Each structure stands twice: as structure tokens, then as C-alpha cells.
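Some notes on the structure that comes next.
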Amino acid sequence: MAGRPLDRPRSCLFNNGGQLKPDIFREAIRPIALLAPFAMALAGGGPVVAQTTTPTTAPAQTPPAATQPTTIPTTRPRADISGVSLQLKGRRIESLRVQGNSQVAASVILNQVRTREGEPFDPTTVEEDYKRIYALKRFANVEAKVEPTDTGVVVAFVVLEERTVRQIAYKGNTHIDTLDLQSAVDLKAGDAVDPFRISLGRQAIERLYHEKNYPYVHVTVDESHLAQTGELTFNIVEGAKVRIRRVTFEGNVSFSNLRLRGQVKSDYYIWILRAGEYDFETVEDDVASLRKFYESKGFFDVKVGRKLAFSADQSEMQITFIVDEGKRYTIEKVAFNGNEHVSAERLLANLKLVKGGNYDQEIVQRDIRQIVKEYSPYGYVYQAPPATPNPDYLDIRPKTIFHKEPGTVELIYEIHEGRPFHMGRILVKGNSKTQAKVILREMRVGPGQLYNSAELTDAVDRLRGTGYFNNVSVSPVGQEPDLRDVLVEVTEGKTASFNIGAGVSSNGGVGGEISYEQRNFDIGNWPTTWTDVFSERAWVGAGQTFRASVAPGTQGTTAAIRFYDPWIFDQPYSFANDIYLRQRIYSNWNETRTGDRVTLGKRLGYNWTMFLTARGEDVRVYNVQDKPLRAPEVLEAQGHTTVTGLGPALRYDTTNRGPLQYKGVLGELSYERVGALGGQVDFNKLSLNFDQFYTVYEDLFDRKTILSLKMGGGYIDDSGAPIFESYYLGGFGSVRGFEFRGISPRSGPDDDPIGGTFFVTTTAELSYPIYTDILRGVLFVDGGTNDREVSLSDYRIAVGFGFRVVFPFAQQAPLAIDFGIPIVKNDQDRTQLISFSFGVVY
574 MAGRPLDRPR
584 SCLFNNGGQL
594 KPDIFREAIR
604 PIALLAPFAM
614 ALAGGGPVVA
624 QTTTPTTAPA
634 QTPPAATQPT
644 TIPTTRPRAD
654 ISGVSLQLKG
664 RRIESLRVQG
674 NSQVAASVIL
684 NQVRTREGEP
694 FDPTTVEEDY
704 KRIYALKRFA
714 NVEAKVEPTD
724 TGVVVAFVVL
734 EERTVRQIAY
744 KGNTHIDTLD
754 LQSAVDLKAG
764 DAVDPFRISL
774 GRQAIERLYH
784 EKNYPYVHVT
794 VDESHLAQTG
804 ELTFNIVEGA
814 KVRIRRVTFE
824 GNVSFSNLRL
834 RGQVKSDYYI
844 WILRAGEYDF
854 ETVEDDVASL
864 RKFYESKGFF
874 DVKVGRKLAF
884 SADQSEMQIT
894 FIVDEGKRYT
904 IEKVAFNGNE
914 HVSAERLLAN
924 LKLVKGGNYD
934 QEIVQRDIRQ
944 IVKEYSPYGY
954 VYQAPPATPN
964 PDYLDIRPKT
974 IFHKEPGTVE
984 LIYEIHEGRP
994 FHMGRILVKG
1004 NSKTQAKVIL
1014 REMRVGPGQL
1024 YNSAELTDAV
1034 DRLRGTGYFN
1044 NVSVSPVGQE
1054 PDLRDVLVEV
1064 TEGKTASFNI
1074 GAGVSSNGGV
1084 GGEISYEQRN
1094 FDIGNWPTTW
1104 TDVFSERAWV
1114 GAGQTFRASV
1124 APGTQGTTAA
1134 IRFYDPWIFD
1144 QPYSFANDIY
1154 LRQRIYSNWN
1164 ETRTGDRVTL
1174 GKRLGYNWTM
1184 FLTARGEDVR
1194 VYNVQDKPLR
1204 APEVLEAQGH
1214 TTVTGLGPAL
1224 RYDTTNRGPL
1234 QYKGVLGELS
1244 YERVGALGGQ
1254 VDFNKLSLNF
1264 DQFYTVYEDL
1274 FDRKTILSLK
1284 MGGGYIDDSG
1294 APIFESYYLG
1304 GFGSVRGFEF
1314 RGISPRSGPD
1324 DDPIGGTFFV
1334 TTTAELSYPI
1344 YTDILRGVLF
1354 VDGGTNDREV
1364 SLSDYRIAVG
1374 FGFRVVFPFA
1384 QQAPLAIDFG
1394 IPIVKNDQDR
1404 TQLISFSFGV
1414 VY
């Protein structure tokens, strides 16, 4: 069943029958009529006189130049004003007049004029006065004339008044309020009767109705009634409100309905969530979008159509997109033209799309980035489209060659290498708040090095990952023969936040939070007024971090202040200080920690960092319930305990910055001597963590499918370590499928969890985009063991899936939910199907 096109004009110049509207035609040619005399004058056709719509009779005899009135050609550029009017410049204005007005008072007109009696005559000022008078929208034409006298000049503004709109009314609108229509229409009582603006008003009303799902709306104006009474009435026939109830696909074999639905904008109605708006042009665009999608996947012979089915009362409809996929083309050959400095074998080695594979434009774009990486170490400058091609720069363009028989295609990469460059200065632009050194230290390149496009791309990723900037771009600038400066352009974002939030998690119950954070802090930039604080002119710009927070909750309460400087005195040293109060309510006792942790770091190149951490805490275990049932380890930990610690750590980090880690390795080995600075407990603690991230697939829009492999372990050499220093597993962020602290050695009549002195965890997780990078899905396998001795004999395993909502500006997922199913467990473990974390910030 064919769809019925909307009953509305495709252009404001034509009526529904396809005929040119007379009024609109007159309005369209008016500027041409006004400019025609100027064009004739420029072509040598004589003096320029501004035209009016009133016929005039030429004088029988032309007066001499000294007494001839002159019309100022105000629509021409100022430099083109010549002749008598320029000769009269500077003469005294003896009189200022308005002619031709009957409805509009002269005072209203002169109020727009900057020319004054008694002042010197200036043609430029008169030209500007003309524009201001015409902008009143009350006149069909305006003429500015100057007439010389014996002692000066007389300036006259001659106007031709339009008919005006006395009143505006709307009839037939029952589903949209009149006030909303008035806001949409750029007309008001007293405006000139302008057919073009009236037509725009009709279109604005129809557009508003289309947004409300009334595609068959029709708006007319009674021209004769307007001419007789001055009343402009928009007569509205609303038509039926149409909602899309279903969007389906037929003939699609290679891609699911869900995948194709992501390519179209037409979507079905869901109460509150989606309007289900039907728009004929959107449906046609969807057909083109589906065709483009299939072609990008190698279906070059695809045919796409659509079928529209309406209900009897025209209020509901179904859209069916009909697809004839045809044959999917495969790659018969991959070749390179123009590659002189990098061999074809080397370029081909790391490509994903090779002979025998299905053509896929997304993979082609990924392979182009790989080719750029191969050229980057040699100084070749690459600028990705839509940058204008430069003959001196690297240019890579894929070309497909089709054979006579359909089904196969040759993929040829046409490479123009350009020539190598060295880097000059690194120029920073757009950083009104952030100090340039914060940006430069993320570049990891410097003057004199070969221009490395791949390394600069990584630098852009690092700068975006800081969270300081909404946008970052890098481009080569300069004209020196073998040198190009690097221009880094940034658009700064908001880095300070004051948040009041609430959340719930399977680990910690319901909680709230009040926090202030400045992610681009500068402790040396003190404010002079309160305005400096709230406008982010103070305490901002050095790349430091400051955060203060209070988070009360049903299961736990925390209060913390953190300061972190990644570059102390602009040297490769870091400093962090964390002051905290943490209170946790367990099932049979409470625990409170009050402490301070100080960490000094030293960078060893870009990837290695050494740390030295010292901590001091007061730990209190109290409110122990049912003491006869409690484990001896719990009873021994009652009261206050002073805990100190000192130890080094070594970290290796090649991961990308930002909320979504998709490449690199993060490993850390740490040792702590607990009791080194005094206190009531004394033992050694060794920890190891290793995470690796792989991007296994990346589409054309840089949406990544990521495989992460994680391993963690810890060992305490004293089995008498208190329960608050021992290891626990289970819950969100640990081994999913088990309760928070659900994996632990147990003791006492009631099997209290007392923690282990040895643990190992492993995780394999696949994260993939569902909707851009905001909504992601995960599949995971978690494993781990926790014991009072070194042993892997009781290893738990769980499998599951989950979802993440991640915003680009957020440092963590505001919504994370996982469903974990234990496959291997023991009888004392506490399991839990759902692990989740959800927070809302205001």
C-alpha cells in the first residue's frame, strides 16, 4: 500500500497545485527591481536613482547640477556613492523632511534617523537612516533624497506605505493553544501586509502542527478579507493526529531489525518516552539512510523501499521498510598505489580488511588509520577529511573497482605521500583558564622531532581524557619548507561541580552525597572576590584536583577531602593527600575509620611511576551484637586500634585516559609495612594488580568493543591480622554473583566473615556499545578465592551480563547493573543474583 504524501507545499513560492504564487512572485522580484537601476549605472547606463512603486513623469528639462535633487542609492555599498550627493557632503542640513506618510507619524520615522538639522550632510549616515526606516516593516519602499540650496541642503525621506495588519486571528485550532501559535508566527498587529512574511507564518503554523503529529494540517489565509478589513485570519484545518504504532522491516537477512532500526529516525509511539511522530520527508530520508548503510557493508546492489499502512480513521500507521539486499561483495584484491617509502607488505600486515573478506566501509576507515600509523614515524603529515587536501601532506583515499560480474571488488588505496616534516613550535589556542603547561605536558612531543600524526592523535585522546575540554583538535600550521608548527585548539569545559546527589548500590544500600570538586584546580590562584569563585576564574587552571565530600547512607557514611598535584613545582613528581572518615554498619557490628594518607610519586618516563605512601588511622569496632555468637576475631577487634603503614609501590600504565578504558596495560605492585610508624598492629602486606584492555572492534563512529582481562592478588604474612585489615571478596567491583563480602573465611557459632590473608581474583569482560557510548552492555566471567592460607583449591567462578550508562563528562558509570550466576561456590558463600550501582546528581 503506497503512502500518501503530505498535503503541503514543498516550497513557499508555490501553491498546492504547483503554480507560482503571484504575491510571492512579486515579493521575490522586488529586490531585483530595486537593484536593476544600480546595475545599469555600474554598466555605464547613467546616474542611479532609487526606484519606487509610484509612477513618476520625467521632467521636460533637466535642471543644472547645482540645483538637481539627488536620490542617494542607499542599497549600494558605501564606496559606490558618487556624483552630486558626494559633492554635497559636509554642507549644512537646513531641513529634514518626511514625505508620503499618512498612517505612520513623521515622529516615528524621524526617531529612527541619526541625521540632524544643522549638522553637516553625510551620505553614509543617510544610507544607514534609510535601512533603519525600512526595518520598521511598515513601508513598501523608502527613498532618501537630498536637494541643494544656496546655503546648504534639504534631506527628505520619501516613503510608500504598506497596507497594515489591523488584527491577527486564528480559527480552527482546537489542539494547539492560540498563544503557542502567536509565538510561532513572526507577525503582529501594525505590521505591513507582506505576502512573503504571511506565507512564512503559514509555514510556521504547519511546522508546529507537524511537531505535534498532525501531518495533514492545512492553513489558508483569506486574501480578500485581509484587503477589505485589514484582519489577517489564519484558517486552520488540523486533520487527524497520526502516530506511528509500528516500524518493521521486510527482506533483511544479514542484519537484524534492531540493527536496522538504529539507522532510521522514524520510530514508534511509546507513552511519555516517544511521540511516534510521522513525517513524510523523514521516511524518505530513512529509505536513503538504509540504502547508504547497506552499501557501506558491501551490498552495492541493494534496493530499499517503504510501505505505509494507515488505520481507518487515519490516526495510526505502520511503516514497513522493504529491503532487497542483493549480493554482498567480497574483496578480491587489496593493493596500494603511490606508496614509495613504506612497502605494501608492511602496510598490508596490520589491515583487517583483506582478500576474501566482506567489504565494510567501517573497517576501511579503521585500516586507513592503521596506514597513517605506519607512515607517522617518518614525519608525514596527515589531515583527515574534511580537511582540504594539501599536496605536501599524506593523503589516503580508498577506491573500489567493480568487475563485470557482480559479487567481487578490488580495493585500491591511492596514497599521496607528500614529504616529511619536522615539528616546530607547539601553539596552544582557546585556553582562557587552563595553563598552557597543562596542555603541553600531555603532548609528549617537542620541537625538532619528526612530525608524528599518530602520536598527536594519542595526545588528543589524552587531552580529552583529562575532562578539562569539550573539544580538542591538532593541526599543522606554517609555511617553512621543512617545518610545521603544531596548533592545539581546545574548547574548555566546566571543571568545577557542586553536587547534591543520591544513590543506591548492592554493596552500600541507600545513600546521599554533597560534594564540591574542581578537576582543574590551582592552589596558587586565590580569588579576590566571590565572583571569581563561582565564575571559575579562581582556583582553576593548574591541572590539580581538589574534592570535598560528605556521603551519609543507610549502610555507610563517608566524609573526605582530597588534594592531588600531578606535577609538583612543574617537576615529574606528584603529591596526594587524603583525609577521610568512613563508617560502615555490618550485620553484627559497626566499624569507623578516621585517617590520613599521604602519597609521593616519581615518574620514570611516561609509563612507569614509583610511589611512597604513608598512612595513619584510628579504627574503631563497636556496637557488637549478640556477643556470645560472635567470632573470637570480632571480639578481639573491639574498641580503638591505631594503625600506621609505610611502603613503596611501582606502577606501569599505558592505558588511555577517560571514563572508558579501551587500550593498554595497568599494573601495580605494592608493599606496605603495617606498624612501621607505630601503632598496635604489626605485619607485612603485599598486593598485585594487573589489568589489560584490548579494542577488538571499532566502528566508523569510533564506538569500541573492548575486551578487558584483570587479575588481582594480595598476601598478609600474619594470620593474626585484625578483621578490618583482612581481605574480603564478593559484590559489585569484585566477584559478581556473590554478596558484598560473601566470599570470606568464617568463624564463630554464627559463621561471621573474618576475612582472609590471601586472595586471588580474575575477570574477563567484554564491553560493547548498544547506543553510542552512553549505553553499553557487558558479558563477564569472574573468579576468585579468599583464604587464611595460600591456596587455590577453593576457587569460585561466576558468569553473567550487565549494562552501563556512561556519559562523556562522567568519571564513572551513573548506572551499572550486573546479573551474576555462580557456577562454582562453597557451602558458606553468600550468593546474590544482581549487583548494581545507581546514582543521581542534581
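Just add 573 to wherever you are in the sequence shown, counting from 1, and you've got this note's numbering.
Note that the Cβ used here is the ideal one computed from N, Cα and C, for glycine as well.
If you're wondering where the values come from, they're calculated on a predicted model, not measured in any experiment.
Taking just the CA atoms, how far does residue j sit from residue i?
{"i": "A1075", "j": "V758", "result": "43 Å"}
{"i": "V1033", "j": "Y955", "result": "14 Å"}
{"i": "L773", "j": "Y703", "result": "25 Å"}
{"i": "E1312", "j": "K1258", "result": "25 Å"}
{"i": "S1410", "j": "S1078", "result": "4 Å"}
{"i": "Q776", "j": "E905", "result": "52 Å"}
{"i": "T688", "j": "E735", "result": "24 Å"}
{"i": "N746", "j": "I809", "result": "6 Å"}
{"i": "G824", "j": "Y902", "result": "18 Å"}
{"i": "L831", "j": "V837", "result": "11 Å"}
{"i": "V699", "j": "S797", "result": "37 Å"}
{"i": "Q887", "j": "D852", "result": "14 Å"}
{"i": "F784", "j": "S1046", "result": "Here residue 784 is Glu; the residue named in the question, Phe, does not match the sequence. Cα to Cα, the separation comes out at about 36 Å."}
{"i": "V1171", "j": "F1119", "result": "14 Å"}
{"i": "A639", "j": "A717", "result": "At A639 the pLDDT is 39, less than 50, meaning the model places this residue with poor confidence and gives no usable figure here."}
{"i": "R553", "j": "Y951", "result": "Nothing can be reported for residue 553: it is not among the residues displayed for the chain, which extend from 574 to 1415."}
{"i": "N1229", "j": "A1133", "result": "27 Å"}
Measure the Cβ-Cβ separation of residue i and residue j and say whether it is below 8 Å.
{"i": "G1328", "j": "Y1341", "result": "no"}
{"i": "S839", "j": "V820", "result": "yes"}
{"i": "R1361", "j": "S1292", "result": "yes"}
{"i": "G673", "j": "V732", "result": "yes"}
{"i": "D933", "j": "G1019", "result": "no"}
{"i": "E983", "j": "G911", "result": "no"}
{"i": "T737", "j": "R705", "result": "no"}
{"i": "I1396", "j": "I1407", "result": "no"}
{"i": "Q1117", "j": "F1094", "result": "yes"}
{"i": "I1343", "j": "V1354", "result": "no"}
{"i": "G1174", "j": "T1007", "result": "no"}
{"i": "L1239", "j": "D1226", "result": "yes"}
{"i": "I1308", "j": "T1330", "result": "Contrary to the premise, residue 1308 reads as Val rather than Ile in this sequence. Result no, Cβ atoms of V1308 and T1330 do not sit closer than 8 Å."}
{"i": "T802", "j": "K744", "result": "no"}
{"i": "P1125", "j": "G1084", "result": "yes"}
{"i": "G1315", "j": "G1306", "result": "no"}
{"i": "L833", "j": "L863", "result": "yes"}
{"i": "L1352", "j": "L1339", "result": "yes"}
{"i": "W1162", "j": "V1197", "result": "yes"}
Quick one: measure Cβ to Cβ for residue i and residue j, integer angstroms, because I've assumed they're closer than 8 Å.
{"i": "F1184", "j": "A1222", "result": "4 Å"}
{"i": "P693", "j": "R664", "result": "7 Å"}
{"i": "E1190", "j": "T1167", "result": "7 Å"}
{"i": "V937", "j": "P971", "result": "5 Å"}
{"i": "G1285", "j": "G1393", "result": "With 8 Å as the limit, G1285 and G1393 do not qualify as a contact, their Cβ atoms being about 17 Å apart."}
{"i": "I892", "j": "G878", "result": "About 11 Å; that fails the 8 Å criterion."}
{"i": "Y1244", "j": "K1277", "result": "Going by Cβ atoms, the distance from Y1244 to K1277 rounds to 35 Å, so no, they are not a contact pair."}
{"i": "E1065", "j": "L1036", "result": "So it is not a contact: roughly 11 Å between Cβ atoms."}
{"i": "E918", "j": "E990", "result": "That pair is no contact at about 17 Å."}
{"i": "L1000", "j": "L1060", "result": "5 Å"}
Give every residue of the same chain whose Cβ lies closer than 7 Å to the Cβ of residue i, excluding the five residues on either side of it in the sequence, and list them in chain order.
{"i": "D764", "result": "K710, T737 and V738"}
{"i": "A762", "result": "V738, R739, Q740 and I741"}
{"i": "T981", "result": "Y902, T903 and E905"}
Give every residue of the same chain whose Cβ lies closer than 8 Å to the Cβ of residue i, excluding the five residues on either side of it in the sequence, and list them in chain order.
{"i": "A960", "result": "S1048"}
Tell me whether residue i counts as near the ligand MG, meaning its Cβ is closer than 7 Å to at least one heavy atom of that ligand.
{"i": "Y1137", "result": "As far as ligands go, the structure on display features none, and thus does not contain the ligand MG."}
For residue i, which residues from the same chain have a beta carbon less than 6 Å from its beta carbon, with the 5 sequence-adjacent residues on both sides left out?
{"i": "D968", "result": "P962 and H989"}
Is there at least one Cβ from chain B nearer than 8 Å to residue i's Cβ?
{"i": "Y787", "result": "Looking at the structure shown, chain B is missing, and only one protein chain is on hand."}
Contact between the stretch 1264-1282 and the stretch 1171-1191 (3+ Cβ pairs under 8 Å): no
Contact the stretch 776-788 vs the stretch 715-725: 3+ CB pairs below 8 Å: no
Inter-stretch contact at 8 Å, needing at least 3 Cβ pairs: the stretch 847-867 / the stretch 803-813: no
Touch test, the stretch 1246-1253 against the stretch 1206-1219, Cβ-Cβ under 8 Å, three pairs minimum: yes
At least 3 beta-carbon pairs within less than 8 Å: the stretch 1145-1164 vs the stretch 1036-1051: no
Contact the stretch 1001-1021 vs the stretch 943-963: 3+ CB pairs below 8 Å: no
Contact the stretch 1065-1073 vs the stretch 1085-1094: 3+ CB pairs below 8 Å: yes
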